[in-house]
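See below for the structure under consideration.
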Amino acid sequence: MQIINIIGKDFDLNENLSENQLREVLVDAFAYLVDNDFPKLLQILYKADVDQYKLKELLETTEGMSSAEVITDAYIARQLAKIETWKTFSR
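Sequential numbering of the sequence shown, starting at 186, is according to our numbering.
Below, the structure written as structure tokens:
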């Protein structure tokens with residue numbers, strides 16, 4: 186899975202993770218970063234080019250999910266968008 190290679194640059198991941206397992210691992214990682222290493226969290230999100238204003242809005246308006254889940258979903262969506270862009274321009 187191409188997304189594992191991209192995300193693996195920021196996180197130590199098992200290459201055989203399913204999409205659900207990847208999300209669970211990232212939720213745990215982002216929860217840890219929110220609580221223990223906020224500067225590293227910001228660095229990862231900045232490097233991934235996650236839109237800070239969109240993320241702030243999602244964090245304020247999304248109910249029934251932890252902040253780590255919201256961050257994870259935004260992070261994965263951004264990485265998938267990058268993959269699609271690369272596919273488009275590599276043709």
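C-beta: ideal position from N, C-alpha, C; glycine also.
{"Query": "Simplified DSSP assignment, three categories, for Val-204", "Result": "Note on identity: in this sequence residue 204 is Glu, with Val being the wrong assignment. Here Glu-204 sits in helix by DSSP."}
{"Query": "C-alpha distance - Ala-262 paired with Phe-223, whole-angstrom precision", "Result": "21 Å"}
{"Query": "Nearest-angstrom Cβ-Cβ length linking Tyr-260 and Leu-211, presumed shorter than 8 Å", "Result": "7 Å"}
{"Query": "Start-to-end residues for the alpha helix (DSSP H) that takes in Lys-241", "Result": "237-246"}
{"Query": "Reduced DSSP category for Asp-220 - H, G, I as helix; E, B as strand; rest coil", "Result": "helix"}
{"Query": "Same chain, Cβ closer than 6 Å to Phe-215, neighbours up to 5 away in sequence not counted", "Result": "Ala-253, Ile-256 and Thr-257"}
{"Query": "Three-state secondary structure assigned by DSSP to Leu-232", "Result": "In the sequence under discussion, the amino acid at residue 232 is Lys, which differs from the Leu named in the question. Here Lys-232 sits in helix by DSSP."}
{"Query": "Given Glu-204 as reference, the closest of Ile-189, Gly-193, Asp-195 and Leu-244 once Cα atoms are compared", "Result": "Ile-189"}
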